[in-house]
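S.K.: Below is one structure. I have some questions about it.
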Amino acid sequence: MFDFSGLFKKNPPSRDVAKERLKLVLINDRTGLSPRTLEELRVEITKVISKYLEIDEESLDIQMTNTRSEDGTTVVPALIANIPIKKVKGKATTRK
Amino acid sequence: MGEVIVITSGKGGVGKTTTTANIGAGLSLEGKSVVLIDTDIGLRNLDVVLGLENRIVYDLVDVVEGVCKIKQALIKDKRFKGLYLLPAAQTRDKSAVKPDQMITLCKELTKEFDYILIDCPAGIEQGFKNAVAGADRAIIVTTPEVSAVRDADRIIGLLEANEIKDTRLIVNRIKMSMVKRGDMLSIADVIDLLAVELIGVVPDDEKIQATTNRGEPAISDTKSPAGRAYRNITKRITGENVPLMDLEENKGLLGSLIKVFGRKQDK
Numbered sequence: 001m002f003d004f005s006g007l008f009k010k011n012p013p014s015r016d017v018a019k020e021r022l023k024l025v026l027i028n029d030r031t032g033l034s035p036r037t038l039e040e041l042r043v044e045i046t047k048v049i050s051k052y053l054e055i056d057e058e059s060l061d062i063q064m065t066n067t068r069s070e071d072g073t074t075v076v077p078a079l080i081a082n083i084p085i086k087k088v089k090g091k092a093t094t095r096k
Numbered sequence: 001m002g003e004v005i006v007i008t009s010g011k012g013g014v015g016k017t018t019t020t021a022n023i024g025a026g027l028s029l030e031g032k033s034v035v036l037i038d039t040d041i042g043l044r045n046l047d048v049v050l051g052l053e054n055r056i057v058y059d060l061v062d063v064v065e066g067v068c069k070i071k072q073a074l075i076k077d078k079r080f081k082g083l084y085l086l087p088a089a090q091t092r093d094k095s096a097v098k099p100d101q102m103i104t105l106c107k108e109l110t111k112e113f114d115y116i117l118i119d120c121p122a123g124i125e126q127g128f129k130n131a132v133a134g135a136d137r138a139i140i141v142t143t144p145e146v147s148a149v150r151d152a153d154r155i156i157g158l159l160e161a162n163e164i165k166d167t168r169l170i171v172n173r174i175k176m177s178m179v180k181r182g183d184m185l186s187i188a189d190v191i192d193l194l195a196v197e198l199i200g201v202v203p204d205d206e207k208i209q210a211t212t213n214r215g216e217p218a219i220s221d222t223k224s225p226a227g228r229a230y231r232n233i234t235k236r237i238t239g240e241n242v243p244l245m246d247l248e249e250n251k252g253l254l255g256s257l258i259k260v261f262g263r264k265q266d267k
């Protein structure tokens, strides 16, 4: 599962919790993607990217979200991945 | 040619029937001719909400089965000029009507009336399919609760699949004080989640209970905040550009402030 500890730490208003929960539920309902499938996807993506880049697996975040389609008329699901890169493999450059 | 609007929600108990009754009465106050069709066969309620329960002779099933003519089944509301009710049958079930029969009926009614409002039953089965079959537009009613919003989202998807492109949202029973406290989803939250255009916001109003007890639409009660909201919604349906009520604007503004604040907290 996703790490939501940061989200709940400060005991946010129930309204925000409701919104966050709904976001995920709606994505699952719309796409038929279960949290388990997403987790499998996360593992696979990590594997592939790790071949080329050294990534910070701890802070890796992948989630489904909704976004407006290009013409702005419909809402489509989108996969958002935030993958902090530590190092490009084979090069000495580091990214902060 | 009249327009057919289905009022739907997915979840039960969010205020579809009350909304249908009030918008119907509101449209008649705007000088429009309106037929309200209760498609909740077996669990009809639009008749009692409108206070017309004692005047039912024929119903929707009688009409589609050819037992009577459409005109014979329409109950004229004596308080609202041009408002008619086509009640649902109470002793049958949803399978007594087929979607193509609804399409035919709606087409027939649009020849003579400006608006046909269809009160959709809860759920996504046969009753829903019947209700949306003949509709040109849809109004989705939701309350700021997780279950209602979730079901509304399902309905939006199903309406798209049914090629109903013009879908608008009513957020019902909003409690400004609870939004402020951070204990209720705001209008902005709901729109954000459902990504559908808003047609109005109805504040939680005890007067709805009282007017429904009497079988009178709240829209005729000038002191009722919900009644006022319904009057605005009615005008927007007819194409008038009515700004959101003060109450609603405050909610929107506050909503976005709390949202900004909330996001900061998350980090």
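Line order of the protein sequences matches chains A and B. If you're matching positions, the first sequence starts at 1 in this note's numbering and goes up one per residue. If you're matching positions, the second sequence starts at 1 in this note's numbering and goes up one per residue. Glycine included, each C-beta is placed from N, C-alpha and C at the ideal position.
Expressed to the nearest angstrom, what Euclidean distance is found between the alpha-carbon atoms of R79 of chain B and T19 of chain B?
M.R.: Numbered from 1 along the second sequence, position 79 holds the residue referred to as residue 79 of chain B. Numbered from 1 along the second sequence, position 19 holds the residue referred to as residue 19 of chain B. Distance between the alpha carbons of R79 of chain B and T19 of chain B is about 18 Å.
S.K.: Can you tell me where the alpha helix (DSSP H) holding K11 of chain B begins and where it ends?
M.R.: Here residue 11 of chain B refers to the residue found at position 11 when the second sequence is read from its first residue. From DSSP, K11 of chain B is part of no alpha helix (DSSP H); its letter is neither H nor E.
S.K.: Starting from V171 of chain B, trace the alpha helix (DSSP H) in both directions and tell me its first and last residue.
M.R.: Your numbering for residue 171 of chain B matches position 171 in the second sequence. Looking at the DSSP string, V171 of chain B is not in any alpha helix (DSSP H); the run it does join, the beta strand (DSSP E), is 166-174.
S.K.: Quick check on this structure: which residue in A:R36, A:M64, A:D16, A:N11 has the alpha carbon closest to the alpha carbon of L24 of chain A?
M.R.: The residue given as residue 24 of chain A occupies position 24 in the first sequence. Answer by Cα proximity: A:M64.
S.K.: Looking at L46 of chain B: is its Cβ nearer than 8 Å to the Cβ of P99 of chain B?
M.R.: By one-based count along the second sequence, residue 46 of chain B stands at place 46. By one-based count along the second sequence, residue 99 of chain B stands at place 99. No, these two residues do not count as a Cβ contact at 8 Å.
S.K.: Select from the stretch 17-48 of chain A all residues with a C-beta closer than 7 Å to any C-beta belonging to chain B, and list them in chain order.
M.R.: So the close ones are A18, K19, R21, L22, K23, V25, L26, D29, R30.
S.K.: Tell me whether P203 of chain B is buried or exposed, calling it buried when 16 or more other Cβ atoms sit within 10 Å of its Cβ.
M.R.: Start at 1 with the first residue of the second sequence, and residue 203 of chain B comes out as number 203. Looking at its Cβ environment, which holds 16 or more other Cβ atoms inside 10 Å, P203 of chain B is buried.
S.K.: Tell me, please, whether the CB atom of G262 of chain B is closer than 8 Å to any CB atom in chain A?
M.R.: By one-based count along the second sequence, residue 262 of chain B stands at place 262. At G262 of chain B, the pLDDT of 45 sits below 50, so the modelled position is not reliable; the number obtained from the coordinates is stated separately. So, interface residue.
S.K.: Is the CB of L83 of chain B under 8 Å away from at least one CB in chain A?
M.R.: Mapped onto the second sequence, residue 83 of chain B falls at position 83. It does not: the Cβ of L83 of chain B has no partner Cβ on chain A nearer than 8 Å.
S.K.: Can you pull out the residues from the stretch 173-190 of chain B whose beta carbon lies closer than 8 Å to at least one beta carbon of chain A?
M.R.: Within the stretch 173-190 of chain B, the residues whose Cβ lies closer than 8 Å to some Cβ of chain A are V179, R181, G182, D183, M184, L185, S186, D189, listed in chain order.
S.K.: In terms of residue numbering, what span does the alpha helix (DSSP H) encompassing V283 of chain B cover?
M.R.: One cannot answer for residue 283 of chain B here, as it falls past the ends of chain B, which runs 1 to 267.
S.K.: Using a Cβ-Cβ cut-off of 8 Å, state whether L29 of chain B counts as contacting chain A.
M.R.: For the purposes of this step, residue 29 of chain B is taken as residue 29 along the second sequence, with counting starting at 1. By this cut-off, L29 of chain B is not an interface position.
S.K.: When the distance is taken between beta carbons, is Y230 of chain B closer than 8 Å to I219 of chain B?
M.R.: The residue labelled residue 219 of chain B in the question sits at position 219 within the second sequence. The residue labelled residue 230 of chain B in the question sits at position 230 within the second sequence. In this structure, Y230 of chain B lies closer than 8 Å to I219 of chain B by Cβ.
S.K.: Would DSSP call D100 of chain B helix, strand or coil?
M.R.: Counting from 1 along the second sequence, the entry for residue 100 of chain B is found at position 100. Helix at D100 of chain B.
S.K.: Secondary structure at I118 of chain B, three-state DSSP: helix, strand or coil?
M.R.: Against the second sequence, residue 118 of chain B aligns to sequence position 118. Three-state result, I118 of chain B: strand.
S.K.: I need the DSSP call for V4 of chain B, collapsed to helix, strand or coil.
M.R.: The sequence position of residue 4 of chain B within the second sequence is 4, counting from 1. It is a strand residue.
S.K.: For N172 of chain B and L194 of chain B, I'd like the C-alpha separation in whole angstroms.
M.R.: The residue labelled residue 172 of chain B in the question sits at position 172 within the second sequence. The residue labelled residue 194 of chain B in the question sits at position 194 within the second sequence. Looking at the two C-alpha atoms, the distance is approximately 14 Å.
S.K.: What distance in whole Å lies between the Cβ atoms of T39 of chain B and R120 of chain B, which are believed to be in contact at a cut-off of 8 Å?
M.R.: Residue numbering aside, residue 120 of chain B sits at position 120 when the second sequence is read from its first letter. Residue numbering aside, residue 39 of chain B sits at position 39 when the second sequence is read from its first letter. Just to set this straight, residue 120 of chain B is Cys in the shown sequence, not Arg. The pair is a contact, with the Cβ atoms about 6 Å apart (cut-off 8 Å).
S.K.: Could you tell me which chain B residues have their CB closer than 8 Å to the CB of P84 of chain A, listed as they occur along the chain?
M.R.: Taking the first sequence and counting its residues from 1, one reaches residue 84 of chain A at position 84. What P84 of chain A touches in chain B: nothing, since even the nearest Cβ is about 15 Å away.
S.K.: For Q63 of chain A, name the three-state secondary structure that DSSP assigns.
M.R.: On the first sequence, residue 63 of chain A is found 63 positions in, with the first residue counted as 1. It is a strand residue.
S.K.: Can I199 of chain B and I139 of chain B be called in contact, C-beta distance under 8 Å?
M.R.: In the second sequence, counting from the first residue as 1, residue 199 of chain B sits at position 199. In the second sequence, counting from the first residue as 1, residue 139 of chain B sits at position 139. Yes. Within cutoff.
S.K.: Which class does I56 of chain B belong to by DSSP, given the choice of helix, strand or coil?
M.R.: For the purposes of this step, residue 56 of chain B is taken as residue 56 along the second sequence, with counting starting at 1. The answer is coil: DSSP assigns I56 of chain B none of H, G, I, E or B.
S.K.: Specify the secondary structure class of R352 of chain B as computed by DSSP and reduced to three states.
M.R.: In the structure as shown, chain B starts at 1 and stops at 267, and residue 352 of chain B therefore has no counterpart that could be examined.
S.K.: For E58 of chain A and chain B, any beta-carbon pair shorter than 8 Å?
M.R.: Position 58 of the first sequence holds residue 58 of chain A. With 8 Å as the cut-off, E58 of chain A does not count as an interface residue toward chain B.
S.K.: Quick one: list the residues of chain D neighbouring L193 of chain B, beta-carbon separation under 9 Å, in chain order.
M.R.: Given the protein chain composition of this structure (A and B), no chain D is represented.
S.K.: Could you tell me the boundaries of the alpha helix (DSSP H) in which L22 of chain A lies?
M.R.: By 1-based counting over the first sequence, the position of residue 22 of chain A is 22. Note, L22 of chain A: alpha helix (DSSP H), 14-31.
S.K.: In this structure, does DSSP put L43 of chain B in helix, strand or coil?
M.R.: In the second sequence, the residue the question calls residue 43 of chain B occupies position 43. If DSSP states are grouped into helix, strand and coil, L43 of chain B belongs with coil.
S.K.: Which residues, taken in chain order from the stretch 149-164 of chain B, show a beta carbon closer than 7 Å to some beta carbon of chain A?
M.R.: Result list: V149, R150, D153, R154, G157.
S.K.: Can you tell me whether V196 of chain B is helix, strand or coil according to DSSP?
M.R.: Against the second sequence, residue 196 of chain B aligns to sequence position 196. The answer is coil: DSSP assigns V196 of chain B none of H, G, I, E or B.
S.K.: Are V63 of chain B and T142 of chain B closer than 8 Å when you measure CB to CB?
M.R.: Within the second sequence, residue 63 of chain B is the residue found at index 63, counting from 1. Within the second sequence, residue 142 of chain B is the residue found at index 142, counting from 1. Their beta carbons are not under 8 Å apart, which means V63 of chain B does not touch T142 of chain B by this criterion.
S.K.: Using three-state DSSP, classify A138 of chain B as helix, strand or coil.
M.R.: Residue numbering aside, residue 138 of chain B sits at position 138 when the second sequence is read from its first letter. The answer is strand: DSSP assigns A138 of chain B an E or B state.
S.K.: Hey, is the stretch 173-188 of chain B in contact with the stretch 76-84 of chain A, meaning 3+ C-beta pairs nearer than 8 Å?
M.R.: These segments do not touch.
S.K.: Measure the alpha-carbon distance for K76 of chain B versus L85 of chain B and round it to whole angstroms.
M.R.: To locate residue 76 of chain B, count along the second sequence from 1; it is residue 76. To locate residue 85 of chain B, count along the second sequence from 1; it is residue 85. Distance between the alpha carbons of K76 of chain B and L85 of chain B: 7 Å.
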